[in-house]
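Single-structure report; data block below.
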Amino acid sequence: MDITLFLFQLMNGVQYGLLLFLIASGLTLVFGVMGILNLAHGSMYMVGAYLAWYFVNTTGSFGVAAVISAIIALLLGILIERTLIIRLYRRNHLDQVLLTIGLIFVFNALQSLLWGNDPLGVAVPAWLDGAIPLTEMIEYPVYRLFVSGLCILIGIGMYLTINRTRLGMLIRAGESNRDMVECLGVDINRLYTLVFAAGVALAAIAGIVSAPMVSVVPGMGEHVLISCFVVVVIGGMGSIKGAFVGALMVGIVDTFSSIMLPQVSSMMIYILMAVVLLIRPRGLFAS
Amino acid sequence: MFNNRAEKLFVWLFFPLALLMPLLLDQNTFYVNKLATILILSIFVMSLDYLVGRCGLVTLGHALFYGMGGYLFVMLAPEYEAVNFWLYTFYVLAIASVIALVVGVIVLRTSGIYMIMITLALAQMCFYFFSDSTEFGGNDGLFIFVKPETDVFGLSLFDLDNPTHFYYLCLLSLFNCLLFFKLLMRSKFGRIMDAVQENPERTTALGYNVLHFRLASYVIASALGAYAGYLFALQYGFVNPSMLSWQTSGTALVMSILGGLGTLYGAILGTLVYEGLHYGFEHLTENWLLPMGSLIILMVLAFRHGLAGYLESLVEKRK
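Chains as they are written, first to last, in the numbering used here: chain A, 721 to 1007; chain B, 8 to 326.
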């Protein structure tokens, strides 16, 4: 493999990794702060992609569609938290698993009811349609660079919010001791609603920006959910930093194995996970 | 033998009724087959129920062994030759146990939420292994052309091609499975496992190696899960990667919780009700997942001890 092709694949791997980070960070944020294992997290990614498809076709503009879809996802997150998740805080993980499996069923059914089972495609927005030359031989699509940049921006924003703002301080405090934060006069319920909705929105945004890169198909959420589990397990549950490192590792390994070892490529990330776990049973950055 | 009136009532009602079912159905092949599948699933769910409810080892990758049971048979048995059922049952159970031992050593290093995710990921790994393989038929899976013979000293007990015979084999297997778990739980091993779930630290302090007991439980439950998959493969004459998919594990977990975790007979109850609802909803609407999913959500919110818990509260009130 020559150096330009290597670079090209590396960029693809990093881009995929950054997208996984966006989804996995939402999963691990909700778990780390609220202790909720949301198996329906992948469904939110699917919802994002389908909403983007729908609004691109009705409004004709990807930008408008993305904003509307993200807002709907945020509202959906608030709705789910207020009606269902709120009843699970004092329950064990099994109840959470069961309820969120129920949610997966509901979302899959709604998806096929509303949009059918045929794969759908979303065009890359005109203003991002193009490629910049890496060398004389290889060009890299602008849209993929845009997605990578967006993921990095959101990642930095999340880091600053959690580490540098009052809101972030409350989130971190709520993670360690819910009751104490409540005693300090903070409306913890509202904080939790916000965190859950943010988690949903992160997955949905990943779905929205993925829509022009992948085909929008039923079951896309479950596939991405399992990859996110691998990311979170590698990184350490509840750690955003871990999600970042884990996602990049998974993205790069997945991309390279699919060209270098196509026979076993879909297994490679699980092998990676098993190796990491043999060395560190609780992940790389477990708290 | 049985812990309470509800359990006794269920077992005394279920098994005699199940015994009569093929006669009541007039040997209608479709329904007898359907019921046999439910019995097979009950074995699978019961083994998961033991693991999750009795040992506190929550796995979302139990389908790994379900699929493995089927694939092991296809890999071991010659393609066009009838083999001995009992011998191959032993092979499948033995090899599945060895695999479970290896997997168990990896997953039991973790607990709780980590174990959920690692078991899920390992099962997915095998799922992709079989669905990407060319020699194991990829996504289409493989067919079993000749069913095994069940001769014992020249006497054929069951004809596996006959749905009614197969049904009775499944029923016998389920009954034995329940009996086995009941005896296991009453044994010294079972009491130590109870202690392990109650308080692992104190059990360690008493001189027991908690990991060994957990590992043994994991191997037992996994082997029985593999047995269920093996029966499923024999019934339909094929194996398919979807047997290993995380949906299979998830559905089994739903059935087990629906029935009432750790009650064992609840596993049968949960499987029956889930499959019944599935069948009913499928006839009502193409989108059976919608009512099913909604019902699961409502159930989590409404009753917390599953159907077995509900049955117990009903029976106890009458007393």
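Every residue, glycine too, gets a C-beta built ideally from N, C-alpha and C. Quick caveat: nothing in here was measured; it's all calculated off a predicted structure.
Is DSSP giving A/I792 helix, strand or coil here? On the first sequence, residue 792 of chain A is found 72 positions in, with the first residue counted as 1. Secondary structure of A/I792 (DSSP, three-state): helix.
Beta-carbon proximity check, B/P23 vs B/T171, cutoff 8 Å: Position 16 of the second sequence, counted from the first residue, corresponds to residue 23 of chain B. Position 164 of the second sequence, counted from the first residue, corresponds to residue 171 of chain B. For B/P23 and B/T171, no; Cβs fall outside 8 Å.
Looking at A/V767: is its Cβ nearer than 8 Å to the Cβ of A/G919? Position 47 of the first sequence holds residue 767 of chain A. Position 199 of the first sequence holds residue 919 of chain A. It is not a contact, given that the beta carbons lie outside the stated cut-off.
Using a Cβ-Cβ cutoff of less than 8 Å, which residues in the same chain neighbour A/F1005 once the five nearest sequence positions on both sides are dropped? By one-based count along the first sequence, residue 1005 of chain A stands at place 285. Only G955, G956, S959, K961, G962, V965 meet the Cβ criterion.
Run down chain A in chain order and give the residues with a C-beta less than 9 Å from the C-beta of B/S256. To locate residue 256 of chain B, count along the second sequence from 1; it is residue 249. Those within 9 Å of B/S256 in chain A number zero; the least Cβ separation is about 10 Å.
Relative to the C-alpha of B/Y121, which residue among A/L725, A/V951, A/M987 is closest? To locate residue 121 of chain B, count along the second sequence from 1; it is residue 114. Of the candidates A/L725, A/V951, A/M987, the one whose C-alpha sits nearest the C-alpha of B/Y121 is A/V951.
Kindly list, in the order they appear in chain A, the residues whose Cβ is closer than 7 Å to that of B/Y286. For the purposes of this step, residue 286 of chain B is taken as residue 279 along the second sequence, with counting starting at 1. Here the premise fails: no neighbours, minimum Cβ distance about 16 Å.
Going along the chain, which unbroken runs of the alpha helix (DSSP H) with 4 or more residues stay wholly within the region 163–250 of chain B? Segments of the alpha helix (DSSP H) lying fully in the region 163–250 of chain B: 170–193, 195–205, 207–212, 217–243.
How long is the line joining the alpha carbons of A/I991 and B/N169, rounded to whole angstroms? Counted from its first residue, the first sequence places residue 991 of chain A at position 271. Counted from its first residue, the second sequence places residue 169 of chain B at position 162. Rounded to whole angstroms, A/I991 to B/N169 spans 43 Å at the Cα level.
Give me the chain A residues within the contact set of B/I303, using Cβ-Cβ distance strictly less than 8 Å, ordered along the chain. Within the second sequence, numbered from 1, the residue matching residue 303 of chain B stands at position 296. Per Cβ cutoff of 8 Å: L818, L819, I821, G822, F825.
Output, in sequence order along the chain, the residues in the region 192–207 of chain B whose CB is closer than 9 Å to any CB in chain A. none
Does DSSP put A/D849 in a helix, a strand or coil? In the first sequence, counting from the first residue as 1, residue 849 of chain A sits at position 129. Coil at A/D849, not helix or strand.
My parser needs the alpha helix (DSSP H) runs of 4 or more residues fully inside the region 809–870 of chain A; what are they? 813–835
heavy atom of the ligand HEM below 7 Å from B/T96 C-beta: Of ligands this structure carries none, so the ligand HEM is not represented either.
May I ask you to report which of helix, strand or coil DSSP gives B/F160? Residue mapping note: residue 160 of chain B aligns to position 153 of the second sequence, counting from 1. Three-state result, B/F160: coil.
Between which two residues does the alpha helix (DSSP H) containing B/K15 stretch? Counted from its first residue, the second sequence places residue 15 of chain B at position 8. 12–31 is the extent of the alpha helix (DSSP H) around B/K15.
Determine the extent of the alpha helix (DSSP H) in which A/R807 is found, giving its start and end residues. Residue 807 of chain A sits at position 87 when you count from the first residue of the first sequence. No alpha helix (DSSP H) holds A/R807; DSSP gives it neither H nor E.
Spatial neighbours of A/V776 within its chain, please: C-beta separation below 7 Å, excluding the five flanking residues on both sides. Here residue 776 of chain A refers to the residue found at position 56 when the first sequence is read from its first residue. The answer, listed in chain order, is F782, A785, V842.
Taking all protein chains shown into account, decide if B/Y286 is buried (16 or more other Cβ within 10 angstroms of its Cβ) or exposed. In the second sequence, the residue the question calls residue 286 of chain B occupies position 279. It is exposed - the Cβ of B/Y286 has fewer than 16 other Cβ atoms within 10 Å.
Take the Cβ of A/P982 as the centre, count every other Cβ of all protein chains shown within 10 Å, and call the residue buried at 16 or more, exposed below. Locating residue 982 of chain A in the first sequence gives position 262, counting from the first residue. A/P982 is exposed by the Cβ-count criterion.
Taking three-plus beta-carbon pairs below 8 Å as touching, is the region 31–38 of chain B in contact with the region 189–207 of chain B? no
Touch check for the region 858–872 of chain A and the region 733–748 of chain A: three-plus C-beta pairs under 8 Å? yes
With DSSP collapsed to three states, give me the class of A/D909. The count along the first sequence starts at 1 and reaches residue 909 of chain A at position 189. The sequence shown places Asn at residue 909 of chain A, rather than the Asp named in the question. A/N909: helix per DSSP, three-state reduction.
Is the CB of B/L218 under 8 Å away from at least one CB in chain A? The residue labelled residue 218 of chain B in the question sits at position 211 within the second sequence. Judged by the 8 Å Cβ criterion, B/L218 is not in contact with chain A.
Taking the CB atoms as reference points, tell me whether B/F134 and B/A107 lie closer together than 8 Å. The count along the second sequence starts at 1 and reaches residue 134 of chain B at position 127. The count along the second sequence starts at 1 and reaches residue 107 of chain B at position 100. No, the pair does not count as a contact, with Cβ atoms beyond the cut-off.
Exposure label - B/P85; buried when at least 16 CB within 10 Å: On the second sequence, position 78 is the one that residue 85 of chain B refers to. When all chains shown are included, B/P85 counts as exposed.
Using a Cβ-Cβ cut-off of 8 Å, state whether B/N294 counts as contacting chain A. As a working mapping, residue 294 of chain B is identified with position 287 in the second sequence. With 8 Å as the cut-off, B/N294 counts as an interface residue toward chain A.
Can you find a CB in chain B that lies within less than 8 Å of the CB of A/I960? Within the first sequence, the letter at position 240 stands for residue 960 of chain A. Chain B, which has no Cβ nearer than 8 Å to the Cβ of A/I960, makes this no.
Among B/A13, B/F17, B/L115, whose alpha-carbon lies nearest the alpha-carbon of B/R221? Residue mapping note: residue 221 of chain B aligns to position 214 of the second sequence, counting from 1. When each option's Cα is compared against that of B/R221, the closest is B/L115.
Chain-ordered chain B contacts of A/P1001 [CB-CB under 7 Å]: By one-based count along the first sequence, residue 1001 of chain A stands at place 281. What A/P1001 touches in chain B: R116, T117.
Is there a C-beta anywhere in chain B that falls below 8 Å from the one on A/S986? In the first sequence, residue 986 of chain A corresponds to position 266, counting from 1. Closer than 8 Å: yes.
Could you tell me whether the Cβ atoms of B/S263 and B/V90 are closer together than 8 Å? Position 256 of the second sequence, counted from the start, is the residue given in the question as residue 263 of chain B. Position 83 of the second sequence, counted from the start, is the residue given in the question as residue 90 of chain B. Not closer than 8 Å, so no.
Excluding sequence positions up to five away, which residues of its chain have a Cβ less than 6 Å from the Cβ of B/A70? Numbered from 1 along the second sequence, position 63 holds the residue referred to as residue 70 of chain B. Its chain contains A130, L251, T255, S256 as the residues whose beta carbon lies nearer than 6 Å to that of B/A70, once the 5 sequence neighbours on both sides are disregarded; these appear in chain order.
Which chain B residues sit within Cβ distance under 7 Å of A/N828? Reading the first sequence from its first residue, position 108 is the one you call residue 828 of chain A. For A/N828, the neighbours in chain B by C-beta distance under 7 Å run, in chain order, L296.
Does B/W19 get closer than 8 Å to chain A when you measure Cβ to Cβ? Here the question's residue 19 of chain B lines up with position 12 in the second sequence. Output row for B/W19: interface = no.
My understanding is that A/M993 touches A/V944, with C-beta atoms under 8 Å, so please give their C-beta distance in whole angstroms. Numbered from its first residue, the first sequence carries residue 993 of chain A at position 273. Numbered from its first residue, the first sequence carries residue 944 of chain A at position 224. Taking the Cβ atoms as the reference, A/M993 lies roughly 16 Å from A/V944, outside the contact range of under 8 Å.
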